[in-house]
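Peer 1:
In the numbering used here, the protein residues as written are 16 to 278.
(1) Going along the chain, which residues of its own chain have a beta-carbon closer than 7 Å to the beta-carbon of residue 234, five neighbours each way excluded?
(2) Roughly how many angstroms lie between the CA atoms of residue 201 and residue 150, to the nearest whole one?
(3) Under the assumption that residue 204 contacts residue 167 (Cβ atoms under 8 Å), give the Cβ distance between them as a whole number of angstroms.
(4) Counting C-beta neighbours from all protein chains within 10 Å, is the total for residue 59 16 or more, i.e. buried, or is it exposed?
(5) Thinking C-beta only, is residue 193 closer than 7 Å to residue 179?
(6) Ends of the beta strand (DSSP E) at residue 151?
(7) Please determine, among 270, 269, 156, the residue with the shortest C-alpha to C-alpha distance to residue 232.
(8) Since I believe residue 254 is in contact with residue 91 (beta carbons under 8 Å), could you give me their beta-carbon distance rounded to a whole number of angstroms?
(9) With DSSP as the reference, label residue 168 as helix, strand or coil.
(10) Look at the alpha carbon of residue 132 and the alpha carbon of residue 121, and state the distance between them as a whole number of angstroms.
(11) Check the C-beta distance from residue 62 over to residue 99 and give it rounded, since I have them as a contact under 8 Å.
(12) Tell me residue 135's beta-bridge partners as DSSP assigns them.
(13) Closest to residue 2 by C-alpha separation, out of 127, 229, 189, would be which residue?
(14) Once you ignore the five residues that flank residue 69 on each side, which residues in its own chain have a CB closer than 8 Å to its CB?
(15) Is residue 257 closer than 7 Å to residue 140 when the C-beta atoms are compared?
(16) Can you say whether residue 114 is buried or exposed, counting buried as having 16 or more other CB atoms within 10 angstroms of its CB?
(17) Considering only the alpha carbon of each residue, which of 206, 266, 76 lies closest to residue 153?
(18) For the beta strand (DSSP E) that residue 97 lies in, which residues bound it at each end?
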């Protein structure tokens, strides 16, 4: 009898534990289902940039990409209901990434040239900088006429490379193209080039940071910067609407004040 009583108590205890376990499992499943139902899966907007073009895009000390273009891209993604994913690559590979549809758009301080328009579509222009020549402080190059016989450094694939090649039609100087802006400045500081030819906003940052000198390019007026898309992209109209809204509500000016206030 005593043995039967012990067996009965053991059975009741096991049954209680089993019920308790089932109850806990049900609560976890319910919680997971609630989270899945309440969380809205956003479509990913794939963006490429070349993060060596401060203040438009560069990496901070933590290694994160930041800048004017990055803030603008996040604003556009939020307004259109996308989750933004950013891929960092060399500038001269950006157009190819769009043509192969590896990304949905490019925001990388890209000028809306007629040549590029043959291969990609652009948004309305969101900024215009112009160009500058950057030199060492003790340089005797103080105007565009002084680049005759010198070595001019440019970033590969940029409008400055195209501009230098056009200047070369009337002037005799050597062009040296490198992968990115920091390398270009290092080439200048190391006396491997005589002058760097850069976007004006970017150039001003390097001039202040590295105690350099510079002067504006008086020869031409370059096109403004636009957001690039694969040919025929349906995103162009939507992004243009957001850009118009940002211009109207002051968001663009807010970003310019934050990142380009020294222009």
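Just so it is clear, CB atoms sit at the ideal spot from N, CA and C, and this is done for glycine as well. Computed from a predicted model, the values in this text were never measured in an experiment.
Peer 2: Working from what's here:
(1) Reading the chain shown from its first residue, position 219 is the one you call residue 234. Around residue 234: 159, 182.
(2) Numbered from its first residue, the chain shown carries residue 201 at position 186. Numbered from its first residue, the chain shown carries residue 150 at position 135. One C-alpha to the other measures close to 12 Å.
(3) On the chain shown, position 189 is the one that residue 204 refers to. On the chain shown, position 152 is the one that residue 167 refers to. Your pair residue 204 and residue 167 does not check out as a contact, with CB atoms roughly 15 Å apart and the cut at 8 Å.
(4) As a working mapping, residue 59 is identified with position 44 in the chain shown. The Cβ neighbour count for residue 59, taken over all protein chains shown within 10 Å, is under 16; the residue is labelled exposed.
(5) Here residue 179 is taken as the residue at index 164 of the chain shown, counted from 1. Here residue 193 is taken as the residue at index 178 of the chain shown, counted from 1. Going by beta carbons, residue 179 and residue 193 fall outside the 7 Å limit.
(6) Locating residue 151 in the chain shown gives position 136, where the first residue counts as 1. Boundaries for residue 151: no beta strand (DSSP E) harbours it, and the DSSP string shows neither H nor E there.
(7) Taking the chain shown and counting its residues from 1, one reaches residue 232 at position 217. Nearest option by C-alpha distance: 156.
(8) Reading the chain shown from its first residue, position 76 is the one you call residue 91. Reading the chain shown from its first residue, position 239 is the one you call residue 254. Yes, residue 91 and residue 254 are in contact; Cβ-Cβ is about 6 Å, under 8 Å.
(9) Position 153 of the chain shown, counting from 1, holds the residue named residue 168. Here DSSP, grouped into helix, strand and coil, assigns residue 168 to strand.
(10) One-based indexing of the chain shown puts residue 132 at position 117. One-based indexing of the chain shown puts residue 121 at position 106. C-alpha separation (whole angstroms): 13 Å.
(11) Residue mapping note: residue 62 aligns to position 47 of the chain shown, counting from 1. Residue mapping note: residue 99 aligns to position 84 of the chain shown, counting from 1. With a Cβ gap of about 6 Å, residue 62 and residue 99 count as contacting.
(12) Position 120 of the chain shown, counted from the first residue, corresponds to residue 135. According to DSSP, which records beta bridges pairwise, residue 135 is partnered with 245.
(13) With the chain covering 16 to 278 only, the question about residue 2 has no answer from this structure.
(14) Numbered from 1 along the chain shown, position 54 holds the residue referred to as residue 69. So the list reads 82, 196, 217, 220, once near-sequence residues are dropped.
(15) For the purposes of this step, residue 140 is taken as the residue at position 125 of the chain shown. For the purposes of this step, residue 257 is taken as the residue at position 242 of the chain shown. The Cβ atoms of residue 140 and residue 257 do not sit closer than 7 Å to each other.
(16) Numbered from its first residue, the chain shown carries residue 114 at position 99. Exposed.
(17) In the chain shown, residue 153 corresponds to position 138, counting from 1. The option with the nearest alpha carbon to residue 153 is 206.
(18) The residue you call residue 97 lines up with position 82 of the chain shown. Element bounds for residue 97: n/a, residue is neither H nor E.
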